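Taking it in order: structure first as structure tokens, then the write-up.
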Amino acid sequence: MLEYLKLTTRYQTFDSITTNDKNEIICEIVYNFIKNIPNEICLLEKLQVIKITDQKIRKIPYSIYNLKNLKILNLSNNSISSLPTLLFNLKNLNRLNLSNNEIKNLPEWIGNNSLIILNLSKNLILELPQSIGELNNLESLDLSDNQISILSDSIGNLKNLVVLDLSFNLLISLPDTIGNLEKLEKLIMKNLCFECINKKLCRLGNLKELNLEYTDKLFNKKCSQYLDLDFSNLKKLKVLNLKKINLKGIHKSIINLSNNDIKIVVSKKCLEENDDGDFVGKLSLKNVFKEKIIFK
0 MLEYLKLTTR YQTFDSITTN DKNEIICEIV YNFIKNIPNE ICLLEKLQVI
50 KITDQKIRKI PYSIYNLKNL KILNLSNNSI SSLPTLLFNL KNLNRLNLSN
100 NEIKNLPEWI GNNSLIILNL SKNLILELPQ SIGELNNLES LDLSDNQISI
150 LSDSIGNLKN LVVLDLSFNL LISLPDTIGN LEKLEKLIMK NLCFECINKK
200 LCRLGNLKEL NLEYTDKLFN KKCSQYLDLD FSNLKKLKVL NLKKINLKGI
250 HKSIINLSNN DIKIVVSKKC LEENDDGDFV GKLSLKNVFK EKIIFK
């Protein structure tokens, strides 16, 4: 039984499938810049892992639905522009990597209870379907480096989500349902165009890392230059990255985390020296956090 299949880029040959005395199917496929997934692959019904990366694959064949036992599919670094809905009907698929392709639109239905890791980074995706919220067992979702401007409210239904990366998109806000991600531990939102911080983030009690690096617009002169986020409930926070943003002060509730094993990264030129009302400045943060705060 073939359980792992890897296509490399060394040669332009396709060795035929053979069976040994134990009826174990052994297949070695070596291609260079192929444009289509060979039909022979989709006939291997026991296949569990496919890795076809750094090729020129343009589409995923509908026949991939024959692979009922497929658990891991990695088609990163190809030229795929669209996805068949049947791809999300694979009941055993738990890891799907489609990063660095040319995908613009997702099927209306992408709900799949088996998916645990979904990587759609470095594509051209404009929006997410409502069905994104039906990925009930999803633990890691990477949507970074796309063209997403609106995040569906249904994102808040991902109750098992642990890691979410929204970096390098066109988002100007987050839906209030973001606060429903009660298991979220890592939220990466680098280089976004937020007009304001969503205070529902303070409900993420299991959050360990919050990365707002390069989120300049959030703290420019037209918006508040203070991080007005109540940190009182973020008791598990270990990393707060505020690098490369124009920030004058941080809500005083950050002091509640002074006993944590936490690292706070702030740009050297940001933060006022002194406190301002409900917001603490550089001097207070240095006194309280000492070596836990890093100015870069």
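Numbering follows numbering that gives the first Met the number 0, with no gaps: position 50 of the sequence shown is 49. We put the beta carbon where it would ideally sit given N, CA and C, even for glycine. Because the structure is a prediction, the values reported are computed rather than measured.
Indicate the three-state DSSP secondary structure (helix, strand or coil) for residue i in the structure shown.
i	result
residue 175	helix
residue 287	helix
residue 213	coil
residue 300	Nothing can be reported for residue 300: it is not among the residues displayed for the chain, which extend from 0 to 295.
residue 134	coil
residue 202	helix
residue 86	helix
residue 139	strand
residue 17	Annotation note: pLDDT 43 at residue 17 (below 50); position unreliable, no value reported.
residue 185	strand
residue 281	helix
Could you tell me if residue i is buried or exposed, where buried requires 16 or more neighbouring beta carbons within 10 angstroms of its beta carbon?
i	result
residue 141	buried
residue 32	exposed
residue 175	exposed
residue 42	exposed
residue 276	exposed
residue 38	exposed
Could you check which residue in the options has the C-alpha nearest to that of residue i?
i	options	result
residue 82	66, 171, 268 and 103	103
residue 188	214, 178 and 100	214
residue 287	263, 56, 275 and 119	263
residue 294	257, 53, 45 and 246	246
residue 272	290, 249 and 230	249
residue 274	158, 63, 162 and 226	226
residue 234	204, 186 and 137	204
residue 172	186, 192, 179 and 161	192
Starting from the C-beta of residue i, find all residues in its chain whose C-beta is less than 6 Å away, skip the five residues before and the five after it, and write them out in chain order.
i	result
residue 284	292
residue 116	94 and 139
residue 96	73, 75 and 118
residue 71	48 and 94
residue 239	209 and 263
For a quick check, are the C-beta atoms of residue i and residue j less than 8 Å apart?
i	j	result
residue 112	residue 135	yes
residue 183	residue 147	no
residue 124	residue 151	no
residue 232	residue 201	yes
residue 106	residue 87	yes
residue 237	residue 259	yes
residue 261	residue 279	no
residue 322	residue 251	This structure gives no information on residue 322, because the portion of the chain shown stretches from 0 to 295.
residue 177	residue 149	no
residue 45	residue 68	yes
residue 110	residue 133	yes
residue 230	residue 256	yes
CB-CB under 7 Å to residue i, same chain, minus the five flanking residues each way: which ones, in chain order?
i	result
residue 34	55, 56 and 57
residue 243	212, 213 and 266
residue 167	143, 144, 189 and 190
residue 84	106 and 108
residue 206	183, 184, 186, 233, 235 and 236
Once the 5 residues before and after residue i are set aside, which same chain residues still bring their CB inside 8 Å of it?
i	result
residue 101	78, 79, 80, 122 and 123
residue 120	98, 99, 141, 142, 143, 144, 145 and 164
residue 128	105, 106, 107, 108, 109 and 151
residue 161	138, 139, 182, 183, 184 and 185
residue 158	135, 179, 180, 181 and 182
Cβ of residue i versus every heavy atom of the ligand SAH: is any distance shorter than 7 Å?
i	result
residue 260	Only the bare structure without any ligand can be found here, which leaves the ligand SAH out of the picture.
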